[in-house]
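Here the structure is laid out as structure tokens; the discussion comes afterwards.
In the numbering used here, the protein residues as written are 853 to 1437.
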């Protein structure tokens, strides 16, 4: 590997490292294989020309590839890169994800899967039109499209940042290349996730196994200082057991229960039993992958707990720590850094591919299809239009990456961006499925109020963070063992600026932890939506369609009201029949 700068650390060399020719070869091969697979399916597999095949995989998928696709769309580069840094700086609260996964999978299986599978809707937003009105569907589609446009750039920015740090290639040159490859792939083949997932998961495990064999003797350091979970129930604590197991559940529910990407995959299996199996398999796989990320963060702390690369400014920002660590410990293993960075980029490509595919179907179904005339070639026309949408949205996301470059901590930024619309989106669908009295006016007012409140809350919190009135100090880090005192301050610790006692404190709501943003938006949407529904005239439970609710809600619904048909509207043959003199339809 090429070495640009060398500094002394703990008796070893702390290096500003870049890829060698082996790493470049392996990384280029991964992207090349992805393009070749796309070319094959796009030009030789003609089944991709239909909307059903493009969106649902022909409804012939088994539970395993669908569960892997769900995991791939959920495990983004944020998980693989930001979670280890979160553990390195703030501790192991994220390990509580096992409870988050259990709660999420149970709720999705009980509430959302039965309804979507029973109705067999191409778009998850089609449910809202069936349950309420088209205006509700359009509003939810707008929320989803907006959330995608502001979040996908972050997904691409993270691996681009890591690869830029590892190769010294300018970030602004890497981003268009990565976005172009993913956009091209998505326009010609829909189910790219399994290929991306297999690469990202394999490379992540490879790095974890390699590093544990080198520094397992330092595990006691981790156990003493980083392996803990605070049980503080306060919503103002940055992260805790409750923030991860309760607050984060709403974020996962939005991504796995009602997200169009997930619904497409649920409907790709032949029956609802296979959908439940896919959900269970996905839950187990998510916990495994998340724990690999947590363990990687502990390993990094074991290596750098006495000479922190962030405090010593060897890396410019904390999000570069994991790629730097891989380059450090794998310097003598040719190709391993290239494989890992390829997996990291694959995770980003996977999430972006799934999101682009999903938003294309949403925009076409909700905003375009109703304006087009009927045609004998409707399926092919729909596929072509959706591919054009993918290209347009891909270009927009590529431009937005340069805005994301101005954000701070990636882990927090991801939850903040989710928090703007996640609670409102989940509240709209959950009102429809769990509150039979809910009306169109109620869900729109509830969702709009939730989104506006969260924008106000998040903007207020961000302003206070910029003004240094709201801070989240990391756990202490040291540089005491850095031997080059002319370069490093030996007493430097990883702390943040804290407002002085006499300085104005931020408004109390602005100090709510970002782990609860989605939960706050959800509760506002549910409460306001229910209240407004009753104020504007709640539904008559005898008139609601039972298939719009999960089975456990249907049990509490009264029998459907039947309308008596006037005698003059009954055919003579039926009137003549004594046993059918009174006919109720």
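The beta carbon of each residue, even a glycine, is placed where N, CA and C say it ideally should be.
Between the Cα of residue 951 and those of 1140, 1251, 940, spot the shortest distance and give me the residue it belongs to.
Put simply, of 1140, 1251, 940 the residue whose alpha carbon is nearest the alpha carbon of residue 951 is 1140.
Give a yes or no on whether the C-beta atoms belonging to residue 956 and residue 1143 are separated by under 7 Å.
no
Candidates 879, 1173, 1106, 966, of which the one nearest residue 1262 by Cα
1173
Helix, strand or coil, according to DSSP, for residue 1156 in the structure here?
helix
First through last residue of the alpha helix (DSSP H) which encompasses residue 1383
1369 to 1387
Quick check: what's the CA-CA separation for residue 1217 versus residue 975?
7 Å
With respect to the alpha helix (DSSP H) encompassing residue 956, which residues constitute its N-terminal and C-terminal limits?
Where residue 956 is concerned, the enclosing alpha helix (DSSP H) starts and stops at 949 to 959.
So, do the region 1177 to 1187 and the region 1206 to 1226 have three or more beta carbon pairs nearer to each other than 8 Å?
no
Residue 978, buried or exposed, once every other Cβ within 10 Å from all chains shown has been counted against 16:
The residue in question, residue 978, is buried, as its Cβ has 16 or more Cβ neighbours within 10 Å.
Going by other Cβ atoms of all chains shown within 10 Å of its Cβ, with 16 needed for buried, is residue 1398 buried or exposed?
exposed
How far does the alpha helix (DSSP H) with residue 1116 in it extend, from its first residue to its last?
1112 to 1118
If you follow the alpha helix (DSSP H) that residue 1270 is part of, which residue opens it and which one closes it?
1262 to 1286
Identify whether residue 1070 lies in helix, strand or coil by the three-state DSSP scheme.
Because the pLDDT at residue 1070 is just 48, under 50, the model does not fix this residue reliably, and the value given afterwards should be weighed accordingly. Three-state DSSP puts residue 1070 in a helix.
Nearest by alpha-carbon distance to residue 1319: which of 1357, 995, 1029 is it?
1357
Beta-carbon separation (whole angstroms), residue 1310 vs residue 1271, contact threshold 8 Å:
6 Å
For residue 936 versus residue 1148, is the C-beta spacing smaller than 7 Å?
Cβ distance < 7 Å, so residue 936 and residue 1148 count as in contact.
Reduced DSSP secondary structure (H/G/I, E/B, other) of residue 1132:
helix
What would DSSP say about residue 1127, mapped onto helix, strand or coil?
Residue 1127: helix per DSSP, three-state reduction.
Rounded to whole angstroms, how far is the Cβ of residue 1122 from the Cβ of residue 1014, which I believe are closer than 8 Å?
So it is not a contact: roughly 39 Å between Cβ atoms.
Is DSSP giving residue 1165 helix, strand or coil here?
coil
So what does DSSP say about residue 1171, is it helix, strand or coil?
Helix, per DSSP.
7 Å CB neighbourhood of residue 1379 in its chain, flanking five on each side removed
none
Looking only at its chain, what residues have a beta carbon closer than 6 Å to the beta carbon of residue 1070, apart from the 5 residues adjacent to it on each side?
Residue confidence is low: residue 1070 scores 48 on pLDDT, short of 50, so the model does not pin down where it sits. Its coordinate-derived value is still stated next. Excluding residues within five positions, the ones whose Cβ falls inside 6 Å are 1154.
My assumption, with CB atoms under 8 Å, is that residue 1091 sits in contact with residue 945. Please give the rounded CB distance.
4 Å
Quick test of the definition: if touching needs 3 or more C-beta pairs under 8 Å, does the region 957 to 964 touch the region 1278 to 1294?
A contact exists between the region 957 to 964 and the region 1278 to 1294.
Close beta carbons around residue 1101, own chain, < 7 Å, minus the five adjacent residues each side:
952, 955, 956
Could you work out which residue in 1083, 1085, 1127, 918 is closest to residue 969 when comparing CA atoms only?
Each of 1083, 1085, 1127, 918 was checked against the Cα of residue 969, and the nearest Cα belongs to 1127.
Host alpha helix (DSSP H) of residue 970 (start-end):
965 to 971
Residue 1226 by DSSP, collapsed to three states: which one?
coil
Using a Cβ-Cβ cut-off of 7 Å (strictly less than) and excluding sequence neighbours within five positions of residue 940, which residues of its own chain qualify?
Closer than 7 Å at Cβ, skipping near neighbours: 1149, 1152, 1153, 1173.
Distance, Cα to Cα, residue 1406 vs residue 1229?
40 Å
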